[in-house]
Amino acid sequence: MKLQHYLGGLEGLGPVSTETRVFVEVWETRIFGIHTAMMALSPQLPLPETPSTFKTIWTWADLRKGAESLNPFDYFRFRYYEKWLGGISGYFIDNGYITAEELDALTEEFYNEPSKPLHEAGDEAIDRRVVQYLVEGDSPKRNVGVTFEFKVGDTVAIRDVPTVEHTRLPGFLRNKFGTIETVYDGAYTYLCDTGPDGVGAAMPVYCVRFEPSDLWPDNAEKNFSLYADLYARYVEAPEAAEASKAA
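The sequence shown: position 50 = 50 (full-length UniProt numbering), numbered continuously.
(1) Can we say the region 58 to 77 touches the region 159 to 176, given the rule of at least three CB pairs closer than 8 Å?
(2) Rounded to the nearest angstrom, what separates Glu221 and Ile158 at their Cα positions?
(3) Which of the three DSSP states is assigned to Met1 in this structure?
(4) Where does the unbroken beta strand (DSSP E) through Arg209 begin, and where does it stop?
(5) Say whether the region 167 to 185 touches the region 144 to 152, bearing in mind that this needs 3 or more beta-carbon pairs closer than 8 Å, one atom from each stretch.
(6) Put Ser244 into one of helix, strand or coil per three-state DSSP.
(7) When DSSP labels each residue in this structure, what does Leu63 get in the three-state scheme?
(8) Going by DSSP in three states, Arg30 sits in which element: helix, strand or coil?
(9) Please report how far the alpha carbon of Lys116 lies from the alpha carbon of Ala100, in whole angstroms.
(10) For Gly122, tell me which candidate among Gln44, Thr53, Glu236 has the shortest Cα-Cα distance.
(11) Can you tell me whether Lys141 is helix, strand or coil according to DSSP?
(12) Using C-beta distances below 8 Å, list every residue in its chain close to Phe224, excluding the 5 sequence neighbours before and after it, in chain order.
(13) Three-state secondary structure (DSSP) at Asp160?
(14) How close, in whole Å, do the beta carbons of Gly231 and Met203 come, if the pair is a contact with beta carbons under 8 Å?
(15) Assign Asp229 to buried or exposed, taking buried as 16 or more other Cβ atoms, counted over all protein chains shown, within 10 Å of its Cβ.
(16) Taking 8 Å as the cut-off, decide whether the C-beta atoms of Arg129 and Leu41 are in contact.
(17) To test your reading of the DSSP string, which unbroken alpha helix (DSSP H) runs of 4 or more residues are found completely within the region 162 to 232?
(18) Under the three-state reduction of DSSP, which class applies to Val235: helix, strand or coil?
(19) Please list the terminal residues of the continuous alpha helix (DSSP H) segment that includes Tyr85.
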């Protein structure tokens, strides 16, 4: 999440949308359904084989990277599921399922004839796999041995890790200090390796408590705390942070 993809904690950004509906228009439900089917049919999952021609890996990470690759001005201009549509469309083109020309032609066809029935398809094996995926999910928790560097009550510093493509670390927490509130059992991984960002193999995850007055000095409400679940890669001992700055 580079700047335009993670606006939490920033000031002076103007009015905030208070839209609470999950889907505003009917077409958005179809985009959500397409994404869910792609997740369920992704070949890395240990689910029954199907006759689906979808044979490439698709995860939440791919969806996010597709949206985040948009020009920042387009990112702000498009609505939520429009970003999804752009990311999914780009993925299908990049992986050879359809060409940009074919997609443009189909789009023009439906623009010219909006009432034209949409393509209908169905296969019981595919339907069962999608349902099984929705029931079982794809938990990031892994049963591997890990070492927990911190315990509840420890003060930790938040790293300012390099980000090239995607990060799970909110920008406004970087270089701040917090307190370990919870040490989650087990080890956790993300849906894909985040490269220089550092989330790859399964690692501990900590719930860290922050005081708003530390995040936004002289400009924060009182009597509440902010909590963030952070991968171990993103936290370090305060002494280590100070040593890095001095080096």
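The beta carbon of each residue, even a glycine, is placed where N, CA and C say it ideally should be.
Reading it off the structure:
(1) The region 58 to 77 makes contact with the region 159 to 176, as at least three CB pairs between them are under 8 Å.
(2) Each residue's alpha carbon lies about 22 Å from the other.
(3) Bear in mind that a pLDDT of 43 at Met1, under 50, signals an unreliable position, so the number given afterwards is only what the model happens to contain. If DSSP states are grouped into helix, strand and coil, Met1 belongs with coil.
(4) Boundaries of the beta strand (DSSP E) around Arg209: 205 to 210.
(5) In the pairwise beta carbon analysis, the region 167 to 185 is classified as touching the region 144 to 152: at least three pairs are separated by under 8 Å.
(6) Looking at Ser244 - three-state DSSP - the assignment turns out to be helix.
(7) In the structure shown, Leu63 sits in a helix (DSSP, three-state: H, G or I).
(8) In this structure, Arg30 counts as helix in the three-state DSSP scheme.
(9) Taking the straight line from one Cα to the other gives about 21 Å.
(10) Among Gln44, Thr53, Glu236, the Cα nearest to that of Gly122 is on Thr53.
(11) Here Lys141 sits in strand by DSSP.
(12) The residues are Pro212.
(13) Three-state DSSP puts Asp160 in coil, outside helix and strand.
(14) Checking the displayed sequence, the identity of residue 231 turns out to be Tyr instead of Gly. Confirmed, Cβ separation roughly 6 Å.
(15) Burial call: exposed.
(16) Yes.
(17) Those alpha helix (DSSP H) runs which fall completely within the region 162 to 232 and span 4+ residues are 212 to 215.
(18) The answer is strand: DSSP assigns Val235 an E or B state.
(19) Note that residue 85 is Leu in the sequence shown, not Tyr. It spans 80 to 94 - the alpha helix (DSSP H) in which Leu85 sits, taken as one unbroken run.
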